[in-house]
Structures are given as C-alpha cells and as structure tokens.
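Read the structure below first, then the notes.
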Amino acid sequence: MTAWLADDAHPICALVAMGGMGKSALAWYWLTQDILKLGFGNWDLHGVLWWSFYEGEASFAKFVDEALKYVSGKEIDAAKFPTTYDRAVELRRELQSKRVLFVLDGFERQLRAYARLDAAYQRDDATESSREARACMEPDAARLLRDIAAGTTRAKVLITSRLMVSDLEDRAGDPFAGVFYRELKELGRDDAIVFMRAQGVKQGTPAEIATVWEAYGNHPLSLRLLSGLIARDTRTPGDVAAAPRHDVHADLVQRQHHVLEQSYNALPEKERTLLSRLAAFRSAMTYDALAIFDNFGSFNRADKKKFDAALNDLQVRGLIQRDTAAGRNRYDLHPIVRHYGYDRLTDKTGVHTRLRDYFARIPAPDKDKVKSIEDLAPIIELYHHTVRAGRYDEACDLFYAGLVDPLHFRFGAYQTSIELLHSLFPDGVEQPPRLKEESDQSWTLGFAATSYGLSGQSNRAALLNEQSTAIYEKLGNKGNLASGLMNIADDHLKLGKLAAAEQNLRSSIKLSREIKDEYLEAIGHQYLGRLLAYRGLFDDAAQELELSSRYDEKAHDTVGQCIDAAYHTLRALMMDDTRAALQAAQQARTLADFRHNERDIIRAEWLLGAALVMEGKDLNAANTHLTEALTRCRRINLVEFEPDILLAWARWHRARGNTQDAQERAEEALAMADRCEYRLKQAEIHNFLARLALDAGNGTAASEHAEIAKERAWCDGPPHCYKPALDEAERMLKEIEK
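Residue numbers (the numbering used here): 10 to 747.
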C-alpha cells in the first residue's frame, strides 16, 4: 500500500475482501502508523481525508461536500455550486493541483448490491455480485472515480469494499489501467500469531497457534472472537490448548458463524439480549440512544452501573466498538456481528417499536430548512424502525407525507427512494408490498417503478409497473390500467422491446376510448407517435402526434403541447429535416416555460441544442442550450436524458473539429447508456463512434462500432427495429467494405 501511494500510475487502490477480513483495520493502521506519523510532506501530500460509508447517512453527496470544503479550505458557495455534480467537478478541478489521499471505507454501501435500508444487516453470502449489482448507485460517484482512475487529477484514492466496483472495470471485467486491485484473502502466519497473543492468548507455541489460525481460515474477526473465548476459558484461560474445545467447520462462513455462536453463548443472558438489541440500530449510536435498553436493574429497571459494565464487557470481548475520538462517544458493531446479533433478536417487533418511539420524539426537520438528504435523517430512521416494527401502512403514510417531495422533486434522490420503498416489500419485489389496501399497493409499486426508471433501471421499472397494472386490472380500474400500460411501454421502448411497447400502447388507447377519457387517449397517441418515429414510419408518427395535438390544443394543455413538439423534433432529427427540427424544438422550449416543468425544460434545451448542431450555423447558441440542458439534468439526477445530451455535445465537438473531445463525450454517453441498458441510445452512440473512427481512418474500430450499432438497432427485428439507426449502421458497414 505504501508503494502504491508513491506510484502515480495507479491513482486508485481497491482493497477488496469479504466481511471481517480486516480491510478497515488494515487501512486505518497503515494510514495512522505508516503514513501520518511521517507527515504529509514525506509523501508529497497536501492532505488526507478518511470517509466511512458505514457512518449513518454518509452518502456520496455528503462526501463530495466535505471533500470540497477540506481541499479548497473554504465553505461551499451553494449559488455557484448548487448540485453534487457541480461540486464534484469543482473538487476535480481543485485536485488537479493538489495531491490529496482519500480513504473511502466500506464503499460497498455505495453499490447497487447494498442499495437497501437494511444494508447494515446484510450478509456476504446473501449479496448479489453481478456486474450490475457492483455498479455505483450514483452516477456522480461512478463519474468521479473513473476520472480519478484516468489520471485527470493528482488525487490518490484507497477504497475498501466487500465487492469490486464494476465502474472501475473494463468490458472484460479487468480493473482499469489506473486501478491497483488487491484482494485480501487471509492473515499472514506471523501476523496471526502476534495478533492472537495481543488479544490475550499468552500460552502456546507458535506452531500450536498456527494450527488454530489455519483451522479458522486465517479470518481476522473470527480469530479476534476466538481469542476472546480462549482468554476467558474457564479451565485454561489464555492457553491456546483451549481452542479444540471450540469445534470448527470446513466452510469459512460456517467457521465465522461458529465462533460468533461461541462468543455469543459465552455472554451472560442480559448481555446477549443487549447485544441483539444494539444490533437493531443501523449505524453508530450515542450512549443516550443505547440507554433505552438499560434494564439491568431489578424488575428490568435501569441500573446505570451494571449497564456500563455490560457495555465494557462487550467491548473487551470485541463484540462492540467504541469511538471516543474528537470528543465523540459512539458505539458500533462490526457488520458481521450486527447481522449475527440481529438474527438472534427474539422480539424484533418490540425492539423496533421502542426505537420507533425513540425517534418519533425527535422533532422532524422544518421542510423549508431541509438543505440535504442528511437533514432528513430523523424521518428516515423513524421510517426504518416503523417498517421493522411491522407497521407498513403507517410507514407508507410517513413516506408519502414527509419524504416524497424532498427526495423525488427537490433532490432527485431516486436511489434513496428505492432503498426506502424496498423495505415495504418484505416478501420480495416479485410480490406486492405488504399494505392492506390494494390501491396503496399499486401506488407504491408505481412510485417505485418511477424511481427505478428515473435512475436508469428500466428492467426493474417494467417489472414493478406490470405488477401495478395487474392490480388495476383486478380492481377493474380501466383508467389507471391504461396509464400503467403506457408506463410499461415507456420502459420497454428504452430497452428496445418495440413490439411489446407498441402492443401495450394500442391496448392503452383502446381502453381510453372505452371509458371516453380523451386525456389518456391523447397521451397514448403521443407515445405511439414517438415509437413509430423510431420504427421509421414517419408519416404514421405524424398522424398519431396530430391526434394528440388536437386534444392538447382544445384542452389548452401546454404540457401536452410541449411534449408533442418535443416528439415532432425527435421525428425531424431522425429524418435529417433540420428546418422542421428547429421549428418544433423552439416551440417545445417556449411551451416548457408555461408550467416550468423541469423535465420538459431539460428535454427542450437538449433538442434545441441538437437541432442547432445539425444545422451547423450557430454553434455558440447550441453550446448555450446544451450547457443549460446538462446542468439542469445533473442538478436533479435525471439519468434518462443525460446520454442524449452528451451525444449532442459529442456531435458539437465534431462539428468544431475537436475529435478528442468528441470521442470522450461519446464514450461518457455510452458508459451511461450501457449502465442503464438504453438500447436505442446505445445504437445511436455506436453509430457516432463508428463515424469518428472512419474520420480517423480506423476501419477496424469503425466496423466494430457499426456492427454493435446494427445489433442494438435490430431490437425485435424488422419491422420492430430502430429503423433510422439500423439504416445508418448498414450504410457505414457498406462504406467500410468499399
């Protein structure tokens, strides 16, 4: 690790291992004993920042804020840097001239595999490890890490994680060139002997200790707990000869479980109960919070002296940790110990009810004064323990009343919404949420689907939307069923499932006509017009959009008219009709200001910028509109349009002759489209990259990109294909062949 710090070829070090292997302890010891003792100057460092994602609501956005304040030495100008993206860009700029070491501890909490409110209780062997599951939840996190790995700054980043971050891997699954990957598999023999002696195993030869060490798979946490058992053995305290009395198992996970079981069972009954109750907290807790479980006196009354003694005993045994640095006094559990203790909590409902009552007494933050997700922590903790107490309907009401507006509309924190709503599905997302009213179930499914869709997870969005519409169909609610079918079609369109999308849209239009709902029917025609444009049926698309526009104009629905104009722009861009595209885009931008819907403004700014790039006459104006689109898009984390805007920027750079910048923007767009499985966008981007390769005379790369573009545009196969992109790919392949 010390050699890595001096190695500028690898800005990032990924230290990966299963839970309990000692990643955090190793990183902390290395930092404090090997690095900080010699001073920053010895390592050419301007500073060091340790950030633990195990700490409460320690989000990536919060890390960026603290890192920027630390590196710049001043408070953040919220007016100048309003979003996490803006602040991450400024942090990157500062780091271009400052060599700062960041330690990101417990980074698995920022990956999709751990994107759950109950991540603190999650076991390694119950965690998905696919490429998607190992991706960062936040696009800003993926973007900043990739930039640092590419050597665009002087920063050094040490990551400790249970899973490797897939955003730091190439398509083959290998770490990027700028990433030093190290998997911790076991504690060394000599270190294990020193470690066990330090934990109270005073008697026994090195060979005897090594035998015990090997039996427990060289797993540091297991050895720590085993050492505690040996040190307190009733027959031979401190003698390694006591180890055989604690049978071991063949499997490492079983060994972990066994030594935890031995440590847990060795506790007095009230301490076992206390440990399990403390495990119900999701993160570090204050002494006052712990004290609600002080029942060490007679008749289960409080006894501070006995309670403090119990806490001290748990700490000595290595089952809880105490942090008193910088005036703090907080207690925490290792994730593996937390999971084990929580599993043995016999009255989960009762304990979470007490915690729910505790957090209910904490005043809710003033809505007008909430500046970040961290400010919502009291409500989120109250929600969590309300869910865990089995009061799902009450939790759903709490989410609707106190969290929908700030998370969804103010902060664009779609991933946080997903984590919170996930806990309403204790039977799995394949089953309805555990709510009494079916109408509440369908609302929750629909809102979760929207959050998944806006965060770029269209497959999951489609699954939840299908469940939601199934409930509406069962209830005979044709209006909501028609709306749900359109939502499913929107998900399918992004994924390139054009045949299913068209079938759902036509069914939605039919239902809308049956119930004489002109508004829903107009939206159905609007969506169908967009889909037919992708299929290359431009005349049919125009007819569908005309049907939508007639209603929107009659109803004075400016939002509907704005979307109509946007889809007319898309159609014109696919037809290479610059004049029509500009006219429709300008109309969409004007209409977007009537209701000031942020999503409509972003889409209109992007399309107007794209149309101006196609025209090629006023690239300065195109710059203005695309800058506005990207800034607004990232301000609310609207993943849906970001690849389109980045591709428009790539085309802008190509028009200016900036080939390298065009390549970088296109690759950034592709990374996001790949991450979100946006099939139609992938086709467009690969076509553009093929054209760039042709410009550079690289026929091999051009052919590779064009072939991928063709496959992506094929979708369900003609006629349900992305026809304009498919035609472009085939034209380029013929051009390359010649």
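By construction, the Cβ of each residue, glycine as well, lies at the ideal position given by its N, Cα and C atoms.
First through last residue of the alpha helix (DSSP H) which encompasses residue 744: Numbered from 1 along the sequence shown, position 735 holds the residue referred to as residue 744. Secondary structure note for residue 744: its alpha helix (DSSP H) is the uninterrupted segment 732-746.
Residues of its chain near residue 168, where Cβ-Cβ distance is below 6 Å and the 5 sequence neighbours each way are ignored: Against the sequence shown, residue 168 aligns to sequence position 159. Take residue 168, set aside five residues on each side of it, and the residues of its chain with a beta-carbon closer than 6 Å to its own are 23, 113 and 116, in chain order.
Cβ neighbour criterion (16 or more within 10 Å) applied to residue 737: Looking up residue 737 in the sequence shown gives position 728. Counting the other CB atoms within 10 Å of its CB gives residue 737 a total of 16 or more, which places it among the buried residues.
Beta-carbon proximity check, residue 471 vs residue 431, cutoff 8 Å: Mapped onto the sequence shown, residue 471 falls at position 462. Mapped onto the sequence shown, residue 431 falls at position 422. Taking 8 Å as the Cβ cut-off, residue 471 and residue 431 do not qualify as a contacting pair.
Local conformation of residue 178 per DSSP, three classes: Here the question's residue 178 lines up with position 169 in the sequence shown. Correct three-state label for residue 178: strand.
Neighbourhood of residue 259 by C-beta distance below 7 Å, restricted to the same chain and skipping five residues each side: Against the sequence shown, residue 259 aligns to sequence position 250. Any reading at residue 259 must be qualified, since the residue scores a pLDDT of 41, below 50, and its modelled position is unreliable; the value itself is stated next. Short of 7 Å from the beta carbon of residue 259, and not among the five residues preceding or following it, lies no beta carbon of its own chain.
Nearest candidate by alpha-carbon position, reference residue 36, set 13, 302 and 469: Stepping through the sequence shown from its first residue, residue 36 is reached at position 27. Answer by Cα proximity: 13.
Beta-carbon gap between residue 464 and residue 648 smaller than 8 Å: Within the sequence shown, residue 464 is the residue found at index 455, counting from 1. Within the sequence shown, residue 648 is the residue found at index 639, counting from 1. Cβ distance < 8 Å, so residue 464 and residue 648 count as in contact.
Whole-number beta carbon distance between residue 462 and residue 481, since they are thought to touch under 8 Å: Within the sequence shown, the letter at position 472 stands for residue 481. Within the sequence shown, the letter at position 453 stands for residue 462. Distance from residue 481 to residue 462 at the Cβ level is roughly 18 Å; contact not present, criterion being Cβ atoms closer than 8 Å.
Residue 376 classed as buried or exposed, judged by whether at least 16 other C-beta atoms fall within 10 angstroms: The residue you call residue 376 lines up with position 367 of the sequence shown. Exposed is the call here.
Local Cβ density within 10 Å of residue 478, reported as buried at 16 or more and exposed below that: For the purposes of this step, residue 478 is taken as the residue at position 469 of the sequence shown. The residue in question, residue 478, is buried, as its Cβ has 16 or more Cβ neighbours within 10 Å.
Selected residue, minimal CA-CA separation from residue 62, among 123, 18, 110 and 681: As a first step, residue 62 must be located in the sequence shown, where it is residue number 53. For the residues 123, 18, 110 and 681, the minimum Cα distance to residue 62 belongs to 123.
Contact check, residue 612 vs residue 650, beta carbons under 8 Å: Here the question's residue 612 lines up with position 603 in the sequence shown. Here the question's residue 650 lines up with position 641 in the sequence shown. Contact flag set, yes.
Cβ distance (whole Å) where residue 109 is taken to contact residue 56 below 8 Å: Numbered from 1 along the sequence shown, position 100 holds the residue referred to as residue 109. Numbered from 1 along the sequence shown, position 47 holds the residue referred to as residue 56. Right, the Cβ-Cβ distance comes to about 5 Å (below 8 Å), so this counts as a contact.
From 196, 654, 439 and 659, residue whose alpha carbon lies closest to that of residue 219: Residue mapping note: residue 219 aligns to position 210 of the sequence shown, counting from 1. Between residue 219 and the set 196, 654, 439 and 659, the nearest pair of CA atoms involves 196.
Beta-bridge pairing of residue 340 - partner residues as DSSP gives them: Taking the sequence shown and counting its residues from 1, one reaches residue 340 at position 331. Paired residue(s): 294 and 331.
For residue 157 and residue 21, believed in contact at Cβ under 8 Å, the rounded distance: Position 12 of the sequence shown, counting from 1, holds the residue named residue 21. Position 148 of the sequence shown, counting from 1, holds the residue named residue 157. Residue 21 to residue 157, Cβ: 6 Å. Contact.
Residues sharing a beta bridge with residue 111, DSSP: For the purposes of this step, residue 111 is taken as the residue at position 102 of the sequence shown. Residue 111 has 58 and 166 as its beta-bridge partners, per DSSP.
Spatially closest choice to residue 172 from 455, 159, 152 and 139, by CA coordinates: The residue given as residue 172 occupies position 163 in the sequence shown. Taking only the C-alpha atoms, the option nearest residue 172 is 139.
Sequence ranges, alpha helix (DSSP H) only - wholly within the stretch 496-550, length at least 4: With a minimum length of 4 residues, the unbroken runs of alpha helix (DSSP H) contained wholly in the stretch 496-550 fall at 507-523 and 527-543.
DSSP bridge partner residues for residue 25 (one or two, in chain order): The count along the sequence shown starts at 1 and reaches residue 25 at position 16. Per DSSP, 170 and 192.
Spatial neighbours of residue 728 in its chain, beta-carbon cut-off 6 Å, leaving aside the 5 residues before and after: In the sequence shown, residue 728 corresponds to position 719, counting from 1. In the same chain as residue 728, and ignoring 5 residues on each side of it, no C-beta atom comes closer than 6 Å to its own.
C-beta contact flag for residue 694 and residue 635 at 8 Å: Reading the sequence shown from its first residue, position 685 is the one you call residue 694. Reading the sequence shown from its first residue, position 626 is the one you call residue 635. For residue 694 and residue 635, no; Cβs fall outside 8 Å.
Cβ shell of residue 5 (< 7 Å), same chain only, five flanking positions each side left out: Examination of residue 5 is not possible in this model, given that the chain is present from 10 through 747 alone.
Run of the alpha helix (DSSP H) containing residue 476, from where it starts to where it stops: Indexing the sequence shown from 1 puts residue 476 at position 467. For residue 476, the enclosing alpha helix (DSSP H) begins and ends at 467-484.
Cutoff 8 Å; reference residue 714; Cβ partners in own chain excluding five residues on either side: Counted from its first residue, the sequence shown places residue 714 at position 705. Closer than 8 Å at the Cβ level, and outside the excluded window around residue 714, lie 695, 696, 698, 699 and 702.
Expected contact under 8 Å - CB spacing of residue 724 and residue 684 to nearest Å: Here residue 724 refers to the residue found at position 715 of the sequence shown. Here residue 684 refers to the residue found at position 675 of the sequence shown. About 19 Å separates the two Cβ atoms, so there is no contact after all.
One or two residues paired with residue 184 in a DSSP bridge: On the sequence shown, position 175 is the one that residue 184 refers to. Paired residue(s): 178.
Helix, strand or coil at residue 571 according to DSSP, with G and I counted as helix: Your numbering for residue 571 matches position 562 in the sequence shown. For residue 571, the secondary structure class from DSSP, reduced to helix, strand or coil, is helix.
Sequence-distant residues of its chain with Cβ nearer than 6 Å to residue 303 (five each side left out): As a working mapping, residue 303 is identified with position 294 in the sequence shown. Within the same chain, Cβ atoms closer than 6 Å to the Cβ of residue 303 are found at 311 and 316, the five residues on either side in sequence being excluded.
Residue burial classification, residue 454 (beta-carbon count within 10 angstroms, cutoff 16): Indexing the sequence shown from 1 puts residue 454 at position 445. So residue 454 counts as buried.
At least three beta-carbon pairs within less than 8 Å, the stretch 636-643 to the stretch 659-672: With a cut-off of 8 Å, the stretch 659-672 and the stretch 636-643 do not count as touching, because too few Cβ pairs lie within range.
Beta bridge counterpart(s) of residue 248 as assigned by DSSP: Counted from its first residue, the sequence shown places residue 248 at position 239. 212, per the DSSP bridge assignment.
Residue environment, residue 42, which counts as buried when at least 16 other CB atoms sit within 10 Å: Counting from one through the sequence shown, the residue named residue 42 turns up at place 33. Exposed is the call here.
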